[in-house]
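Asker: Note that my numbering has the sequence shown beginning at -8, numbered continuously upward.
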Amino acid sequence: MALKNDLLLRTAKGESVERPPVWLMRQAGRILPQYRALRASLSGFKELVETPHLAAEVTVQPVDELGVDAAIIFSDILVIPEAMGLPYEMVEKRGPLFPETIKSGADIKRLLSGADAANELGYVYDALQETTKLLDGRIPLIGFSGAPWTLFAYMLEGSGSKTFSKAKRFLYIEEKLAHQLLEKLTETIIAYLKEKIKNGADLVQIFDSWAGILSPASYKRFSAPYIKAICEAIDEVPITVFAKGAWFALEEFGKMDCNVIGLDWTIVPSEGRQRVGTDKVLQGNLDPCALYSAPEKVAQLTEQMLNTFGGRHIANLGHGVYPDTPLDSVKAFVHAVQAHRYKNN
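Structure follows, in structure tokens:
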């Protein structure tokens, strides 16, 4: 089916476009009253993730409410560890919790990987199919995965952490085992993303949420090679790499077989462009807290950001939109981008 609005895909492929496309990380969520109402009727977050028609409904909510140029499937990065054999819980006001964690080589050996693990996630693929029907060709649908290092960090730590010291300790004292787990994760992510593409994803994004807690040397050893392998394996659709806090790895990302590189709000766009080169499209990078401003101020800040990028840009925030962000300010961000026009068009 031909898309009515393919602006995101044309931009990601490096084609000349009339304006930047816009979507927001975490656009499907608590900023929307209709999402909050649906969540209140359910047992918890995981019920929403694991029920295809509900996940599809939530995915499309921001499309209808905000008019964004792309939908991103409502899911969670931690479905992959669970499919591999390490279940997690989502604890209200605390976040993810793994009752059991990886502690030894035997634990790693027991894990499923590759297609065997990816095949456990049929509810995600069903949600993609349901969402595709609801979108009816309006805009592209984004699929995503956590990066191997970020998933590794949760599987070793058991929850979120300021330091992820348990996970990082494992890198230093069990390097061989660490690489075994990272390889299993990489194989699974590749199989998972390929299934997402078969079931309707028009673009995929890799989230390395905990990139910034590694040193440049550790990142080069334990994260970048595995992201590179994923990029090389995915050639069906455009691919975006977003690594929060990994300013030191931008040159390396610029050499990978990805189309788009996301920038967080700590990177000056001109510096990001210099680091990654001219071949890549950039995505980002307004500070999410800027959206606490009044709508008029948000529009002004958005225009300043767009002018700084200049072009070859997908407008987004530098991280996910925060749950208590005023909806009017989110709309102001989207509308400001959509009113922007490139001077050569």
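Backbone N, C-alpha and C define an ideal beta-carbon position, used for all residues, glycine too.
Remember, it's a predicted structure, so these values are computed and weren't measured experimentally.
Using the Cβ count rule (16 or more neighbours within 10 Å means buried), how would you classify residue 52?
Answerer: So residue 52 ends up on the buried side.
Asker: Between the C-alpha atoms of residue 44 and residue 165, what's the straight-line distance to the nearest angstrom?
Answerer: Taking the straight line joining both Cα atoms gives about 42 Å.
Asker: How would you write the range of the beta strand (DSSP E) that residue 307 sits in, first residue to last?
Answerer: Its beta strand (DSSP E) spans residues 304 to 308.
Asker: Check whether the Cβ atoms of residue 70 and residue 62 lie closer than 8 Å to each other.
Answerer: No.
Asker: Can you look up residue 197 in the DSSP assignment and give me helix, strand or coil?
Answerer: Strand.
Asker: Can you tell me where the alpha helix (DSSP H) holding residue 321 begins and where it ends?
Answerer: Note, residue 321: alpha helix (DSSP H), 318 to 330.
Asker: Considering residue 208, what are the terminal residues of the alpha helix (DSSP H) in which it resides?
Answerer: 207 to 213 is the extent of the alpha helix (DSSP H) around residue 208.
Asker: Counting along the chain, where does the beta strand (DSSP E) carrying residue 151 start and finish?
Answerer: Looking at the DSSP string, residue 151 is not in any beta strand (DSSP E), and its letter there is neither H nor E.
Asker: Any chance the segment 155 to 173 sits against the segment 16 to 29, with 3 or more Cβ pairs inside 8 Å?
Answerer: Because the criterion of three Cβ pairs below 8 Å is not met, the segment 155 to 173 and the segment 16 to 29 do not touch.
Asker: Taking 8 Å as the cut-off, decide whether the C-beta atoms of residue 13 and residue 325 are in contact.
Answerer: Result yes, Cβ atoms of residue 13 and residue 325 sit closer than 8 Å.
Asker: Among 7, 17 and 1, which one has its Cα closest to the Cα of residue 279?
Answerer: Minimum Cα distance to residue 279 is reached at 17.
Asker: Using the DSSP secondary-structure output, state which residues sit across from residue 274 in a beta bridge.
Answerer: Paired residues: 253 and 305.
Asker: For residue 33, count the other beta carbons within 10 Å of its own beta carbon; 16 or more makes it buried, fewer makes it exposed. Which is it?
Answerer: By the neighbour-count rule (16 or more Cβ atoms within 10 Å), residue 33 is not buried but exposed.
Asker: I'd like to check one pair, residue 254 with residue 309: are the Cβ atoms closer than 8 Å?
Answerer: Yes, these two residues count as a Cβ contact at 8 Å.
Asker: For residue 133, write down the residues that DSSP places opposite it in a beta bridge.
Answerer: According to DSSP, which records beta bridges pairwise, residue 133 is partnered with 63 and 194.
Asker: Ordered along the chain, which non-local residues of its own chain (more than five positions away) have a Cβ less than 8 Å from that of residue 35?
Answerer: These residues qualify, in order along the chain: 81 and 83.
Asker: In its own chain, which residues sit with a C-beta less than 6 Å from the C-beta of residue 50, not counting the 5 before and 5 after it?
Answerer: Excluding positions up to five away in sequence, the list reads 19, 62, 64, 65 and 122.
Asker: Measuring CB to CB, does residue 2 end up less than 8 Å from residue 252?
Answerer: Contact flag unset, no.
Asker: Three or more C-beta pairs closer than 8 Å, one from the segment 127 to 142 and one from the segment 171 to 186: is that the case here?
Answerer: Output reads yes: the segment 171 to 186 touches the segment 127 to 142.
Asker: Under DSSP, the beta strand (DSSP E) around residue 240 begins and ends at which residues?
Answerer: Unbroken run through residue 240: none, as it is neither H nor E.
Asker: Just tell me which of 107, 229 and 111 has its CA closest to the CA of residue 193.
Answerer: Taking only the C-alpha atoms, the option nearest residue 193 is 229.
Asker: Tell me which same chain residues have a C-beta within less than 8 Å of the C-beta of residue 77, skipping the five on either side of it?
Answerer: So the qualifying residues of the chain are 89, 91, 92, 93, 102 and 146.
Asker: Just the Cα atoms here: how many angstroms apart are residue 217 and residue 173?
Answerer: Each residue's Cα considered, the two are about 7 Å apart.
Asker: To which residues does DSSP link residue 87 through a beta bridge?
Answerer: DSSP, once it has assigned bridges, lists 81 as partnering residue 87.
Asker: If you follow the alpha helix (DSSP H) that residue 296 is part of, which residue opens it and which one closes it?
Answerer: Note, residue 296: alpha helix (DSSP H), 286 to 300.
Asker: Hey, residue 266 and residue 297 are a contact pair by Cβ (cut 8 Å); roughly how many whole angstroms apart?
Answerer: About 20 Å; that fails the 8 Å criterion.
Asker: Could you check whether residue 292 and residue 281 sit closer than 8 Å to each other, using their CB atoms as the reference points?
Answerer: Closer than 8 Å, so yes.
Asker: Count the other C-beta atoms from every protein chain shown that fall within 10 angstroms of the C-beta of residue 75, then say buried if there are 16 or more, exposed otherwise.
Answerer: By the neighbour-count rule (16 or more Cβ atoms within 10 Å), residue 75 is buried.
Asker: Please list the terminal residues of the continuous alpha helix (DSSP H) segment that includes residue 73.
Answerer: Start and end: 70 to 75.
Asker: Return helix, strand or coil for residue 13, following the three-state DSSP convention.
Answerer: Residue 13 falls in the strand class under three-state DSSP.
Asker: I need the straight-line Cα distance from residue 177 to residue 213, nearest angstrom please.
Answerer: Cα to Cα, the separation comes out at about 12 Å.
Asker: What residue from 68, 23 and 60 has the CA that sits closest to residue 48's CA?
Answerer: Checked all of 68, 23 and 60; the closest Cα to residue 48 is 23.
Asker: What are the start and end residues of the alpha helix (DSSP H) that includes residue 55?
Answerer: Looking at the DSSP string, the run of the alpha helix (DSSP H) that includes residue 55 is 43 to 57.
Asker: Just curious, the alpha helix (DSSP H) that residue 261 is in, first and last residue?
Answerer: Note, residue 261: alpha helix (DSSP H), 260 to 267.
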